[in-house]
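K.L.:
The following block contains the structure, expressed as structure tokens.
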Amino acid sequence: MRSRVAVIVTLIALAALALLFGYSCSRLADEENQENRARLRNYCTSIINISSALDMDDRVDILEDLSAGHRMVFGLFNGEGRPIYLSEGMHEQIYDDELSIAEVGRLNLGRHAVSHGDALQFAIYRYEDGAFLVYEVREATVVTILGNNPALLGFGVVFGFCMVCFLVVLFYMRQREKYLNAVMRALDRFSEGNFDARIEDYSGSDSETGAYNAIIARIQDRVFKQRNRNNVISTVMSQMQNGIIAVDDDLRVIFVTSVAKKLLGIVGNAEGLLIHEASKDVRLDELFKEAMRQDGVYTNEVAARTAVGRGHRPLRLYVSCMRQDGRIVGALAIVEDITELRRLEQVRTDFAANVSHELKTPLTSIQGFVETLDAGAIDNPEMAHKFLRIIMMETERLTRLINDILSISKLESGDTEVATERIRLDKKAHDVCEMLSIHAADKQVTINNRLNDEPVYIIGNPDRVEQLLINLTENAIKYNKPGGSVTVQVFSNENEANVTISDTGIGIAEEHLPRLFERFYRVDKGRSRQMGGTGLGLAIVKHIVRSMNGEIEVQSKLGEGTEFLITLPLAPKEQPGKETIFNGEA
Numbered sequence: 363m364r365s366r367v368a369v370i371v372t373l374i375a376l377a378a379l380a381l382l383f384g385y386s387c388s389r390l391a392d393e394e395n396q397e398n399r400a401r402l403r404n405y406c407t408s409i410i411n412i413s414s415a416l417d418m419d420d421r422v423d424i425l426e427d428l429s430a431g432h433r434m435v436f437g438l439f440n441g442e443g444r445p446i447y448l449s450e451g452m453h454e455q456i457y458d459d460e461l462s463i464a465e466v467g468r469l470n471l472g473r474h475a476v477s478h479g480d481a482l483q484f485a486i487y488r489y490e491d492g493a494f495l496v497y498e499v500r501e502a503t504v505v506t507i508l509g510n511n512p513a514l515l516g517f518g519v520v521f522g523f524c525m526v527c528f529l530v531v532l533f534y535m536r537q538r539e540k541y542l543n544a545v546m547r548a549l550d551r552f553s554e555g556n557f558d559a560r561i562e563d564y565s566g567s568d569s570e571t572g573a574y575n576a577i578i579a580r581i582q583d584r585v586f587k588q589r590n591r592n593n594v595i596s597t598v599m600s601q602m603q604n605g606i607i608a609v610d611d612d613l614r615v616i617f618v619t620s621v622a623k624k625l626l627g628i629v630g631n632a633e634g635l636l637i638h639e640a641s642k643d644v645r646l647d648e649l650f651k652e653a654m655r656q657d658g659v660y661t662n663e664v665a666a667r668t669a670v671g672r673g674h675r676p677l678r679l680y681v682s683c684m685r686q687d688g689r690i691v692g693a694l695a696i697v698e699d700i701t702e703l704r705r706l707e708q709v710r711t712d713f714a715a716n717v718s719h720e721l722k723t724p725l726t727s728i729q730g731f732v733e734t735l736d737a738g739a740i741d742n743p744e745m746a747h748k749f750l751r752i753i754m755m756e757t758e759r760l761t762r763l764i765n766d767i768l769s770i771s772k773l774e775s776g777d778t779e780v781a782t783e784r785i786r787l788d789k790k791a792h793d794v795c796e797m798l799s800i801h802a803a804d805k806q807v808t809i810n811n812r813l814n815d816e817p818v819y820i821i822g823n824p825d826r827v828e829q830l831l832i833n834l835t836e837n838a839i840k841y842n843k844p845g846g847s848v849t850v851q852v853f854s855n856e857n858e859a860n861v862t863i864s865d866t867g868i869g870i871a872e873e874h875l876p877r878l879f880e881r882f883y884r885v886d887k888g889r890s891r892q893m894g895g896t897g898l899g900l901a902i903v904k905h906i907v908r909s910m911n912g913e914i915e916v917q918s919k920l921g922e923g924t925e926f927l928i929t930l931p932l933a934p935k936e937q938p939g940k941e942t943i944f945n946g947e948a
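Position one of the sequence shown corresponds to residue 363 (my numbering), numbered consecutively onward.
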């Protein structure tokens, strides 16, 4: 568009110049001839001043860059009159009239008559090396400049109008060019992430600028909304425990989350790779092919190598096809790590097996003694009394086992609907020690405990606190040595209450400590059953402590003894004179 307008304007200007020449020749013939002579002198003088000290090649370069204008032509000739450089329209020889007045180092002007009554005005200069510089211009005559005055005036008006049109169009083009440059600058900044970029205001384009800026603002709003949506999706996916991987219909990875890369052992940027190239530990290509052949969600399990060692983790994949216009374009898989699920299933299996075994042992014993009594032993009072006492002991063991199973089931289910109150922990520990003192005396074990000078209070359920203290203290008595001791201490700091229960008993080997709080785990199974243990006591203790936001630790050396440390949050301090439901001591 710009070049087309420029051509039109140029043509108008050239036509105006042609009219100007035709209509102005009659009035300006003499003036023009005089001006031509002056121009000849000035042009030649300028060229001479520039080129006198130059060699021939440099003179040619200068002349090639110049345009004489005003119908002047020029040429550079050597000392023999042969042309070295000619401008367009310049003849190829020097006229005799011109040679006749040429002088070295002097510019001379003259007139030369040519055919058909035309004449030339010329200027000639001879360099010191013999070369000639010749400028010529055709002389204006009456024939060439015939015209009348009204026409000249009309030509001036037309020429002025054309020039105004040219300037107006040129100004408009320049303004539009500046405006388009401003638009492009704003769009460049916008594309580089500067979403606040706007088009600068230009005079006369406020409404157009406002419209463009409004469009950019709408694009910015959409970009921000899309960016926020992408951030939300990215955050959700990064927080998901399950991984996501998607492939196209050629089984090339088009999307994969960091969790999926970790689970499947994918390293680096996998997008664009075939699925078997991206995941070398797990063969997923057949899995995706099978999923694309089925409707709905296809579920399968695979094993992936762990990051450390040679172990494998079980993974479950839920794969569904991606469709577009009824055509399958790929598949999306959700990758789930089912290691914990498998562990829980194993724990459930082990629990069922342990419960069955623990119940079977006393039931088998009871059944055997009942059958023996039924076979005639009941007629022997001494033997019958012995058997009935054993049956009673096994029944009590079953009762304890069932009660412990119910207790740990309730604790593991997260049942928090229990009454809590303010408990004086040092007094509760002292009461438990008093209660078990007879049992300790039977085992020839000494219990060391005393009330604190400063009471230590916690918030909890009295029955549960008593149960955990009884379980730990009773274990310390059971697994002690004759003449040994059990020490129960309660102390506190600014935020925590601590209970230590230590003994001088048989101790626990270090390899058993990590599993000590597991259900039905026994260090010495035969001795534990002989002493009436169910294998659930420490598991119950752990759950009670955790339900009170506390922690329990154990340290032990085989043959030297064991120490348990329980840490619980302190109860808030009471305000003096304020009645509360916890004012009573437990």
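All residues carry an ideal CB built from backbone N, CA and C; glycine is no exception. None of these values were measured; they are calculated from a predicted model.
Mind checking who P445 pairs with in its DSSP beta bridge?
P.N.:
F439
K.L.:
Looking only at C-alpha atoms, which of A665, H674, R710 and A653 sits nearest to A693?
P.N.:
Checked all of A665, H674, R710 and A653; the closest Cα to A693 is A653.
K.L.:
Within the region 901-931, note down every full beta strand (DSSP E) run reaching 3 residues or more, in order along the chain.
P.N.:
Segments of the beta strand (DSSP E) lying fully in the region 901-931: 913-919 and 923-931.
K.L.:
With distances taken between CB atoms, is the gap from A901 to F926 smaller than 9 Å?
P.N.:
no
K.L.:
Checking the sheet assignment: what are the DSSP bridge partners for A666?
P.N.:
R675
K.L.:
Nearest to T761 by alpha carbon, out of E744, L735 and P724?
P.N.:
For T761, the closest of E744, L735 and P724 by C-alpha to C-alpha distance is P724.
K.L.:
If you compare alpha carbons, which of G921, V903, K935 and L920 is closest to I928?
P.N.:
V903
K.L.:
Per DSSP, what kind of secondary structure is Q588 in: helix, strand or coil?
P.N.:
helix
K.L.:
Excluding sequence positions up to five away, which residues of its chain have a Cβ less than 6 Å from the Cβ of V664?
P.N.:
Excluding residues within five positions, the ones whose Cβ falls inside 6 Å are V644 and L677.
K.L.:
Is the region 490-504 touching the region 449-469, taking contact as three or more C-beta pairs under 8 Å?
P.N.:
yes
K.L.:
For a test of the three-state rule: what should DSSP assign to D583, helix, strand or coil?
P.N.:
helix
K.L.:
Would you please state the rounded distance, in angstroms, between the beta carbons of F650 and I637? I believe it to be under 8 Å.
P.N.:
6 Å
K.L.:
Do you know offhand how far L930's Cα is from A746's?
P.N.:
50 Å
K.L.:
Tell me which residues share the same chain as N510 and place their Cβ nearer than 6 Å to its Cβ, disregarding the 5 neighbours each side in the sequence.
P.N.:
Any reading at N510 must be qualified, since the residue scores a pLDDT of 37, below 50, and its modelled position is unreliable; no value is offered.
K.L.:
In three-state DSSP terms, what is R473?
P.N.:
strand
K.L.:
Per DSSP, M434 is paired with what?
P.N.:
V499
K.L.:
So the candidates are N556, Y487 and A802; which of them puts its Cα closest to the Cα of G846?
P.N.:
A802
K.L.:
Using alpha carbons as the reference points, say which of E702, S864, E836 and C527 lies closest to K919.
P.N.:
S864
K.L.:
How about D788 and V852: are their beta carbons less than 9 Å apart?
P.N.:
Going by beta carbons, D788 and V852 fall inside the 9 Å limit.
K.L.:
Throw me the rounded Cβ distance for the A791 and V848 pair, which I believe falls under 8 Å.
P.N.:
Actually they are not in contact, since the Cβ atoms of A791 and V848 sit about 11 Å apart, beyond 8 Å.
K.L.:
My guess is that T782 and N823 are in contact by the Cβ rule of under 8 Å, so how many angstroms apart are they, rounded?
P.N.:
6 Å
K.L.:
For S641, count neighbouring Cβ atoms within 10 angstroms of its own Cβ and tell me buried if that reaches 16, exposed if not.
P.N.:
buried
K.L.:
With which residues is Q686 paired in a DSSP beta bridge?
P.N.:
Per DSSP, the beta-bridge partners of Q686 are R689.
K.L.:
Just how far apart, CA to CA, sit E465 and V520?
P.N.:
46 Å
K.L.:
Ends of the alpha helix (DSSP H) at F650?
P.N.:
D647 to M654
K.L.:
What are the boundary residues of the beta strand (DSSP E) that includes E858?
P.N.:
E858 to D865
K.L.:
Less than 9 Å between the beta carbons of I820 and I868, yes or no?
P.N.:
no
K.L.:
Give the DSSP-derived three-state secondary structure of I700 in the structure shown.
P.N.:
Here I700 sits in coil by DSSP.
K.L.:
Can you check whether the C-beta of E733 is within less than 9 Å of a C-beta belonging to chain C?
P.N.:
Absence of chain C from the displayed structure is noted, only one protein chain being present.
K.L.:
With DSSP run on the structure shown, which of helix, strand or coil describes E394?
P.N.:
The DSSP-derived three-state label of E394 is helix.
K.L.:
Alpha carbon to alpha carbon, how far is R468 from Q483?
P.N.:
17 Å
K.L.:
Closest by CA to M602, which one among S620, L706 and A576?
P.N.:
The shortest C-alpha separation from M602 is found at S620.
K.L.:
From the DSSP secondary-structure annotation, give me the bridge partner or partners of Q455.
P.N.:
Beta-bridge pairing links Q455 to no other residue.
K.L.:
The beta strand (DSSP E) with D610 in it runs from where to where?
P.N.:
Per DSSP, D610 belongs to the beta strand (DSSP E) from G605 to D610.
K.L.:
Spatial neighbours of A666 within its chain, please: CB distance less than 7 Å, with the 5 preceding and 5 following residues excluded, ordered by chain position.
P.N.:
L625, L626, G627, D643, V644, H674, R675 and L677
K.L.:
Who are the Cβ neighbours of F731 in its own chain at under 7 Å, not counting the five residues just before and after it?
P.N.:
The answer, listed in chain order, is F749, I752 and I753.
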